[in-house]
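So for the sequence shown, UniProt numbering puts the first residue at 1; every next one is plus one. In this text, a Cβ means the ideal position worked out from N, Cα and C, and glycines have one as well.
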Amino acid sequence: MSFFGRSSNPQPPQQPYSRVPPGGAPSMSSQRTSSSRYDDPRAYEKRSFDYRQAQQRAGGSGGGTFLVTSSPNEQLAMTNCLIVHPSDFGQGQHVMVKQQFPVTVRHDTTGKIAPGSVGAALLQRQWIGLSTAGDEVTVEPLPFIPSYLESIDIEAAFMKRGNEIAESFSSDDMAHNFLRAYNGVMFTVGQFLIFEFHGHNLRLTVKGLHIVDPLDPKGRKSVQAVTTSGVLMDKTDVMFMKAGDSPIKIKSSAKKAPPNAILQSNFKFEDMGIGGLDTEFSTIFRRAFASRVFPPGLVEKLGIQHVKGILLHGPPGTGKTLMARQIGKMLNAREPKIVNGPEILNKYVGQSEENIRKLFADAEKEYKAKGDESGLHIIIFDELDAICKQRGSTQSGTGVGDSIVNQLLSKMDGVDQLNNILIIGMTNRLDMIDEALLRPGRLEVHLEISLPDEKGRLQILNIHTAKMRTNGILDRDVDLLELAQLTKNFSGAEINGLVKSATSFAFSRHVKVGTLAGISNDVENLRVNRNDFMNALDEVTPAFGVAKEELEQVIQNGIIHFDQVVDDILRSGQLFVDQVRTSTRTPLVSLLLHGPPGSGKTALAATMAQSSDFPFMKLVSPDDMVGFSESQKVAAISKTFADSYKSPLSVIVVDSVERLLDFTPIGPRFSNTVLQTLMVLFAKRPPKGRRLLIIATTSLRPILTDLGFSESFDSEIRVPPISKLPALQHVLEEVELMKDPRELKQTMQMLVQAGFGSQDDVNGLNIGIKKLLSIVEMARQEPENVGERLVTSLMGL
């Protein structure tokens, strides 16, 4: 026989042996005085035999189909047992109802239950799904040996909705009465029962069970095991918690830790549609909720107050609002008040401040009446920066913005302090929030919800494709791990957009040809495949990602390796990229490419950036800032650098530094504000765990020394112009200006005759690759005289 017994029950797992006879729980003097009962595995056979013999002695019909009736009276209903006729089952016998609900039976003492009938209380009927209108149900002896309960977690609420009293119930007293009333009764996770305490009828729900130290098949003591059913004994730890929607007040014991009254034990972020934020949630729980799990008496001994505020900040789409909104669902607390920042504002004088006061009214009223036993009130502010800007920063004549901040400050941590509130604020602009709100005692926990890493992106992809996989619509060639690797710098919202984009490509394959809305006949074969996701990756791009179009635009003609120096520059650039990627000592590296105008500095810098394959690549160019004031330029440059700090690996190309500085030699004139901004940002180390490569270009290298800017760079590379005829010939061959080699040879001879020197001399030829390519394209417009046109143009420089 298997050590864990024989079971035909489809719902509960196989249970270890029980020490509960059918007549009820035995005396604990013989069962819990020593741990020797765990030491001899051979005792299992004897106990199993004793259990079966006790069942036989109890008598009864052995089970069958029974007519369902209500419990004979209130007293028997309060036992939470199934009431049976003495001829059907033994007193205290454990049975299985409908082959999945284990319960304990009790004999009818009123004579109202006839043989072949069972009486069930209202909550029992709701739990099992029974009706007294002629319903019949199967009741069989328990097919497995039940186990003792080490602990039981119970959620309590008033039986009558809306009932609210000032009395706080002691969990110790409730546990004592519960054990006395139900010792020897079998309980199951999810079971409903009624419990009378201090003259009040309470509705209880069994939330969790653990059995007494079971044995493994070799007789060794095992760890405490979770179970779905078990028998209560007089040493079982009974843990009471309040139901989230009930006003009942339960005072936790200061002697032992209560059950998790704040968080539901089976809560997972994945179930709420949130992925990649496990670390952030752990931090929130430790800072804001851990102290609320422990008994108020213990927290009072420590002399501390609970954290009152959390501020979630980070890029858009990373899950701040979603995370805050779902916190209310995971807590056994009142429904949180969710407020969008702009909704607070009102055109009437004083009404905006009144809206703030109304948010705290319920918490103030309850805290005044109940003190530390008050329930937790959660207020969630979305777009907090809309109403809590730095005081004095706005020029409005009403000053309503400053008044709102003052009102919120006084409510959170004013003279009349509240200890039963939790404020959760969210913003994309942490720099705009008033500093007084960010100090301890107010929004003291600042948590950055950053872009998800590869593991987080895989979690998010699993969440958004769960139904596709369940319904068989996701094709087998889709590898979510591959997609997680390809979606660098994607936020959670952008990954959601990627999945929707992929499904749109799948939909488009099943549209009738020649129609816009007609559906093809093979729509049942709709599958979202890998190619759909690859197309979606081209369509959906992350906001904090690669400036693909800008970088490709500056190197649209590619890099022409006209000389060995070009290869040397690119090789040096790759070394700097590797340094940023691997070095632990230099998370910030800055490189300056300088040379004459048109020598290809921007194209080389963009090529270095693209070859790095960093998840964040941006181009800061004066072309995008035409007409910007100094403050606008500073804001644009600062934002690019701030965005780069959100990615683990970033590269920023700062093109034409002298043009960004508005430098002109007449005067001379330059923007000192932009200069100071660049000097600070070029020297500012990125946050811990972030790495940044800066590649700048300039055509006026000497002025950077005069401005004191040259010291900001770790290294410099000169990009020379084309100064030799072999290099020029290589360019002409690369762009295929002349199809006939004899014509190319003749053109080179014409250049020598024009005074550009011999094949090896440097004499008069000094042109940037960009300028040369422009001249080549102009000469190409006259095919019959292309060589002469090229020489003439070069002589005119």
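Determine the direct distance from the alpha carbon of residue j to that of residue i, and round the result to whole angstroms.
i	j	result
Ser611	Gly545	15 Å
Gly497	Asp413	41 Å
Gln753	Gln746	11 Å
Ala506	Gly472	14 Å
Ala120	Pro102	13 Å
Gly558	Thr664	31 Å
Asn355	Ile378	16 Å
Gln351	Pro542	40 Å
Glu743	Gln749	10 Å
Lys467	Asn531	19 Å
Leu660	Ile722	26 Å
Pro648	Asp453	9 Å
Ser30	Thr236	Legend: pLDDT at Ser30 = 33, less than 50; position of this residue unreliable, no value from coordinates given.
Phe641	Gln326	32 Å
residue 802	Phe289	Residue coverage of the chain in this structure runs from 1 to 797, which leaves residue 802 outside it and unanswerable.
Thr705	Ile666	18 Å
residue 831	Pro596	No statement about residue 831 is possible, as the shown extent of the chain runs from 1 to 797 and does not include it.
Gln124	Val118	12 Å
Thr792	Ser774	14 Å
Ser410	Phe360	11 Å
Asp434	Ile495	33 Å
Ile560	Gln729	12 Å
Asp655	Arg701	13 Å
Phe756	Asp740	22 Å
Phe197	Ile380	36 Å
Arg780	Leu794	14 Å
Ser374	Ile338	20 Å
Phe670	Leu751	41 Å
Val511	Thr607	41 Å
Pro72	His94	20 Å
Can we count residue i as close to the ligand GTP, meaning its CB is less than 6 Å from some heavy atom?
i	result
Arg391	The ligand GTP is not part of this structure, which contains no ligands at all.
Going by the beta-carbon positions, is the gap between residue i and residue j smaller than 7 Å?
i	j	result
Thr318	Asp382	no
Pro615	Asn489	yes
Leu418	Ala493	no
Ala484	Leu451	no
Gly600	Ile769	yes
Ala683	Val653	no
Ser501	Val528	no
Thr188	Thr138	no
Pro315	Lys646	yes
Thr677	Ile637	yes
Phe562	Val731	yes
Ile771	Gly598	In the sequence under discussion, the amino acid at residue 771 is Lys, which differs from the Ile named in the question. For Lys771 and Gly598, yes; Cβs fall inside 7 Å.
Leu437	Glu550	no
Asn177	Asp234	no
Ser171	Phe240	yes
Met174	Leu142	no
Ala386	Pro342	yes
Met426	Leu331	no
Glu164	Thr205	no
Glu136	Leu232	no
Report back the beta-carbon spacing between residue i and residue j to the nearest angstrom; my notes put them in contact at under 8 Å.
i	j	result
Met323	Ile194	No, Met323 and Ile194 are not in contact; Cβ-Cβ is about 38 Å, not under 8 Å.
Ala157	Leu122	Not quite, the Cβ-Cβ distance comes to about 15 Å (not below 8 Å), so this is no contact.
Met186	Thr104	5 Å
Ile304	Ile284	So it is not a contact: roughly 18 Å between Cβ atoms.
Lys633	Val674	5 Å
Gly276	Gln459	5 Å
Are the C-beta of residue i and some C-beta of chain C separated by less than 7 Å?
i	result
Ile250	Among the chains of the structure shown, chain C does not appear; only one protein chain is present.
Is the stretch 83-91 touching the stretch 151-160, taking contact as three or more C-beta pairs under 8 Å? Touching, no, given that fewer than three Cβ pairs across the two stretches are closer than 8 Å.
I'd like the ranges of any alpha helix (DSSP H) spanning at least 4 consecutive residues and lying wholly in the stretch 681-738. The alpha helix (DSSP H) runs of length 4 or more contained entirely in the stretch 681-738 are, from start to end of the chain, 701-707 and 725-735.
Beta strand (DSSP E) runs contained entirely in the stretch 435-502, provided each spans 3 or more residues: Entirely contained in the stretch 435-502, the beta strand (DSSP E) runs reaching 3 residues are, in chain order, 445-448.
Does the stretch 734-751 come close enough to the stretch 690-699 that 3 or more CB-CB pairs lie under 8 Å? Segments in contact, no.
If we count Cβ pairs, one from each stretch, closer than 8 Å, do we get three or more for the stretch 429-446 versus the stretch 478-492? Proximity of the stretch 429-446 to the stretch 478-492 falls short of the contact definition, fewer than three beta-carbon pairs being nearer than 8 Å.
Using 8 Å as the cut-off, can you tell me whether the stretch 703-718 makes contact with the stretch 583-590, which would need three or more C-beta pairs spanning the two stretches below that distance? Counting C-beta pairs with one atom in each stretch, the stretch 703-718 and the stretch 583-590 have three or more that are closer than 8 Å, which means they touch.
Validate contact between the stretch 680-689 and the stretch 575-583 using beta carbons, cut 8 Å, 3 pairs: With the cut-off at 8 Å, the stretch 680-689 and the stretch 575-583 do not touch.
Taking only runs of the alpha helix (DSSP H) that begin and end inside the stretch 536-620, which ones reach a length of at least 4 residues, in chain order? Here the runs fully enclosed are 548-554, 564-582 and 601-612.
Which full runs of the alpha helix (DSSP H) of 4+ residues lie inside the stretch 320-353, going along the chain? Listed in chain order, the complete alpha helix (DSSP H) runs (minimum 4 residues) inside the stretch 320-353 are 320-330.
At least 3 beta-carbon pairs within less than 8 Å: the stretch 197-211 vs the stretch 132-150: They touch, by the three-pair rule.
At 4 residues or longer, and completely inside the stretch 55-142: list those alpha helix (DSSP H) runs for me, N to C. Listed in chain order, they are 74-77 and 122-128.
Report the residue ranges of all alpha helix (DSSP H) runs contained in full by the stretch 742-781; include only those spanning at least 4 residues, in chain order. Here the runs fully enclosed are 769-780.
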